[in-house]
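Q: Sharing a structure below in structure tokens format, with a few things to ask.
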Amino acid sequence: TDADQDMVIAAYRSDIDRLMAHGGYRAVDVISLHPQHPERDALRRKFLNEHTHAEDEVRFFVAGSGLFTLHIDQRVYEVLCHAGDLIGVPANTQHWFDMGPQPYFVAIRLFTNPAGWVARFTGSTIAEQFPRYEGGAA
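Take a look at the structure:
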């Protein structure tokens, strides 16, 4: 809810302000997903495909976990994020995100331009060649 988002932002306001000033970000929101979310399967499938964004993808995990997989220069790197982790995926980096079959995470998202965050799918099937993340809700 908006109230939950406002509470998370208020709790991390000093960190958010520091990151916004340092990175030139102009917008912030909170994404939250739980195992009972009615669209969890569709949301998981959407971001399991390799894609890029026109701007950096910056996430601070407040709770839960998720797996970012980065495809850089013919190599693949998995970055498992938990509560307290900050990740910045540079603009135009090929990657995918797996929240697991029972997703549970709360993450603060920072944007230079929220419209720039739109996923541009590469059409590659590389993500299908890697094991899925089985984490999420305990």
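Counted the way the working numbering counts, the sequence shown spans residues 882 to 1019. No residue lacks a Cβ here, since even glycine has one placed at the ideal position from N, Cα and C.
My parser needs the alpha helix (DSSP H) runs of 4 or more residues fully inside the region 904-968; what are they?
A: The qualifying runs are 921-928.
Q: Determine the DSSP secondary structure at arginine 894, reduced to helix, strand or coil.
A: Within the sequence shown, numbered from 1, the residue matching residue 894 stands at position 13. Three-state result, arginine 894: helix.
Q: Can you give the Cα-Cα distance for phenylalanine 942 and histidine 963, rounded to whole angstroms?
A: Along the sequence shown, one-based indexing puts residue 942 at 61. Along the sequence shown, one-based indexing puts residue 963 at 82. Each residue's alpha carbon lies about 6 Å from the other.
Q: With a threshold of 7 Å on Cβ separation, who are the neighbours of phenylalanine 986 within its own chain once the five nearest residues in sequence on each side are excluded?
A: To locate residue 986, count along the sequence shown from 1; it is residue 105. Here the set comprises Leu914, Phe942, Ala944, Gly945, Ser946, Gly947, Met980.
Q: If phenylalanine 929 and alanine 1008 are in contact, beta carbons under 8 Å, what's the gap, nearest whole angstrom?
A: To locate residue 929, count along the sequence shown from 1; it is residue 48. To locate residue 1008, count along the sequence shown from 1; it is residue 127. The residue asked about is misnamed: residue 929 is leucine in this sequence, not phenylalanine. Right, their Cβ atoms sit about 6 Å apart.
Q: Since aspartate 979 sits in a beta bridge, which residues does DSSP pair it with?
A: Along the sequence shown, one-based indexing puts residue 979 at 98. Its beta-bridge partners are Leu948.
Q: Buried or exposed for phenylalanine 992, please, with buried defined as at least 16 other CB atoms from any protein chain shown within 10 angstroms of its CB.
A: What you label residue 992 is simply residue 111 of the sequence shown in a count that begins at 1. Flag for phenylalanine 992 reads buried.
Q: For isoleucine 989, which beta-bridge partners are listed by DSSP?
A: Walking along the sequence shown from the start, residue 989 turns up at place 108. According to DSSP, which records beta bridges pairwise, isoleucine 989 is partnered with Val911, Phe941.
Q: Short of 7 Å in beta carbon distance, which residues of its chain neighbour glutamine 975, apart from the five on each side in sequence? Order them along the chain.
A: In the sequence shown, residue 975 corresponds to position 94, counting from 1. Closer than 7 Å at the Cβ level, and outside the excluded window around glutamine 975, lie Glu931, Thr933, His952, Thr1003.
Q: DSSP has arginine 1001 in a bridge; who is on the other side?
A: Your numbering for residue 1001 matches position 120 in the sequence shown. Answer is Thr933.
Q: Write down the C-beta distance between phenylalanine 1011 and phenylalanine 978 rounded to the nearest angstrom, noting that I regard them as a contact closer than 8 Å.
A: Within the sequence shown, residue 1011 is the residue found at index 130, counting from 1. Within the sequence shown, residue 978 is the residue found at index 97, counting from 1. About 12 Å separates the two Cβ atoms, so there is no contact after all.
Q: Given a threshold of 16 other Cβ atoms within 10 Å of its Cβ, counted over all protein chains shown, does proline 984 qualify as buried or as exposed?
A: The residue given as residue 984 occupies position 103 in the sequence shown. It is buried - the Cβ of proline 984 has at least 16 other Cβ atoms within 10 Å.
Q: Apply the 10 Å Cβ neighbour rule to tyrosine 1014 and answer buried if 16 or more other Cβ atoms are within range, or exposed otherwise.
A: Locating residue 1014 in the sequence shown gives position 133, counting from the first residue. Label assigned to tyrosine 1014: buried.
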